[in-house]
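Have a look at the structure below before the remarks.
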Amino acid sequence: KDNRIVDIRGAGASLEFASSVQVGTQAGHLSVLASTDFDGDYSSLEKVKLATWTDITTRFSLGTNATFVTSPKKDLSDIIEPDKPLYIAFKYITKPQATNGLARQWFIQSFLLSSNKIFNDAPLPIANQLDAGFRIVDENKTTAPARASISQTRITLYGNQYLYASLSIFDPLNPIYDPLNPIYNPQSPSYVPTAVIPKFVPFDPLSPYNDPTSEHWAVSKAINVEQVSLGPDLSVPIKGLRDVTLKSYDYSYTKPGTYRVVFVASNNTITTTKTVVKEITLTITP
């Protein structure tokens, strides 16, 4: 069977994840939000904010230092609406760092949204860290970009760099601006293939982007909380081409019930494939 669908409509869902925070001193950066009416337009933070977002931060335990804290699973059934997808967002606000302290770096991992429906004796997973399809939406992505990123296993949220006159990037004598720096020389042992000589831009004390208030969000894709695809029903190989002929095959069922057993035999050549399918129905009693 190519695609097995489980109906989880009305079952509700629960969310868990792990988080940690490091560097900096600023407080109050992170919040966790949920929406059922976001239209999927990630082109700007303004577009994202047009949706109705419910703050669910207080339901979760968040990290307080570099050690990851796994928040216990929390029910989101009250957020879910019939025939609508669910979006989860992690919102990060950077306040002016000169007066509020340097921005902190947050990590989110082990994200898992599960149906409250029990399937095979366990809650049925709906979306994990990779499935959730998070994207960074940055308010000032060109003028004061957040130092945020998404990987297959982790969300990193980190505010924009605080710019001030004594930063090394505003020193014209900084070696990164020297074309004779060995990191730019392919013949040097210090050569860095990805290194590019940056253009020197002097510090502008009047720029509003030296230390702005800024936001960036990590926003999930639309998560279907009414159906879960289990993917194809993969077969178990019991005989290969060079194996001896099978006279019997043993399999033990762990639960009583009625089962449809399907055997598929194939004879393949470079140009042709011949397949035979045989089915039997078994009733297993205690």
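For the sequence shown, the working numbering assigns the number 26 to the initial residue and increments by one for each residue that follows.
Cβ coordinates follow ideal geometry from the N, Cα and C atoms, glycine included.
With residue i as the anchor, note down where its beta strand (DSSP E) starts and where it stops.
i	result
T300	T298 to I309
N145	Looking at the DSSP string, N145 is not in any beta strand (DSSP E), and its letter there is neither H nor E.
T181	R179 to Y183
W78	Per DSSP, W78 belongs to no beta strand (DSSP E) and is neither H nor E.
F42	A38 to Q47
A243	S239 to V244
S56	L55 to S60
R160	R160 to D163
V253	Q252 to S254
For the alpha helix (DSSP H) that residue i lies in, which residues bound it at each end?
i	result
A123	Q122 to N125
Quick check on residue i: does DSSP put it in helix, strand or coil?
i	result
L70	helix
Y209	helix
F228	coil
R29	coil
T294	coil
I194	helix
I113	strand
Y278	coil
I201	helix
T83	helix
Y234	coil
S139	strand
N90	coil
N249	coil
Y187	coil
S174	strand
Could you check if residue i is buried or exposed, using at least 16 other CB atoms within 10 Å of its CB as the buried criterion?
i	result
V226	exposed
Q177	exposed
P257	exposed
A38	buried
V162	buried
L182	buried
L75	exposed
Y117	buried
I305	exposed
G49	buried
I194	exposed
T92	exposed
A123	exposed
R129	buried
I113	buried
I105	buried
V46	buried
T119	buried
Rounded to a whole number of angstroms, what is the C-alpha to C-alpha distance between residue i and residue j?
i	j	result
G158	P110	14 Å
V287	D268	20 Å
N153	E164	26 Å
I143	G282	18 Å
L138	L101	9 Å
N206	S68	39 Å
N210	D196	22 Å
W131	L307	53 Å
K13	L198	Outside the shown range of the chain, which is 26 to 311, sits residue 13, and nothing can be said about it.
T61	A290	47 Å
G184	D203	29 Å
R8	Q252	Because the chain in this structure spans residues 26 to 311, residue 8 falls outside the shown range and cannot be described.
I201	A171	22 Å
Q51	T89	12 Å
P233	S239	11 Å
Whose C-beta lies closer than 7 Å to the C-beta of residue i among residues of the same chain, with five residues either side of it excluded?
i	result
I208	S215, Y216, V217 and A220
T310	P281
L255	R29 and V31
Excluding the 5 residues preceding and the 5 following residue i in the sequence, name in chain order all residues of the same chain whose CB lies nearer than 6 Å to its CB.
i	result
L188	N235
P237	A169
Measuring only from the beta carbon, is residue i closer than 7 Å to any heavy atom that is part of the ligand FAD?
i	result
S213	Because no ligand of any kind appears in the structure shown, any question about the ligand FAD cannot be addressed here.
Apart from the five residues just before and just after residue i, which ones in its own chain have a Cβ nearer than 8 Å to its Cβ?
i	result
K99	S39, L40, E41, I81, R84 and F85
D229	N235
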